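Comments concern the structure below.
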Amino acid sequence: MDKEGMNGYLKKISAFVSITIVLGLAIWLFAKDSALNNFADAFSRFGLQSIILGTVLGAAVHLAGAFRFWILLRDVSDNVSFKSASRIFFISTLGGLLFFQFFGQMAARSVLLERRGIPVEDTMLLSLVE
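Below, the structure is given as structure tokens:
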């Protein structure tokens with residue numbers, strides 16, 4: 184295995200280990216002090232229909248936002264599929280949840296769209312219009 188292949192392999196292992204540690208820590212913190220029991224109790228108060236309706240409506244809102252983002256993105260770049268635009272929209276939404284909303288969303292979009300050859304300035308304008 185050449186040096187570049189080994190570096191890619193080590194990066195994947197490092198990412199896997201990091202994600203495993205973070206998820207393990209999150210689960211431990213969540214389960215600590217019977218927070219899991221409180222969550223299960225609160226969750227059991229909802230009916231199955233409410234949970235399904237909330238899931239379906241959440242997915243519909245995501246698809247509508249992704250569609251809006253795709254329509255705006257087509258003005259900037261012609262070669263972006265709906266599937267790609269939906270992924271970028273979803274990942275940038277997660278970025279907004281993990282960091283401050285605007286900064287996280289802009290940072291994630293800027294990186295992902297720059298990889299597709301769309302300048303950061305166009306990404307900022309796109310997010311402003313959106």
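For the sequence shown, the positions run 184 to 313 when the working numbering is used. Where is the CB? At the ideal position from N, CA and C, for every residue including glycine. The structure presented is a predicted model; accordingly, all values stated were derived computationally and were not measured.
Contact belief for residue i with residue j at Cβ below 8 Å, rounded distance in angstroms
i, j, result
"Arg292", "Ser310", "6 Å"
Per-residue burial, residue i [other beta carbons within 10 Å of its own, 16 or more giving buried]
i, result
"Gly237", "exposed"
"Leu281", "exposed"
"Leu256", "buried"
"Thr203", "exposed"
"Phe283", "exposed"
Backbone secondary structure at residue i - three-state DSSP
i, result
"Val263", "coil"
"Arg299", "coil"
"Arg228", "coil"
"Phe252", "helix"
"Phe286", "helix"
"Glu304", "helix"
Given residue i as reference, the closest of the options once Cα atoms are compared
i, options, result
"Leu296", "Phe285, Leu240, Phe226, Ser267", "Ser267"
"Leu308", "Phe252, Arg228, Ala225, Val263", "Phe252"
"Pro302", "Ser260, Val312, Phe285, Ser264", "Ser260"
Count the C-beta pairs between the segment 237-251 and the segment 271-279 that are closer than 8 Å, then say yes if the count reaches three, no if not. The answer is yes - the segment 271-279 touches the segment 237-251, with three or more Cβ pairs under 8 Å.
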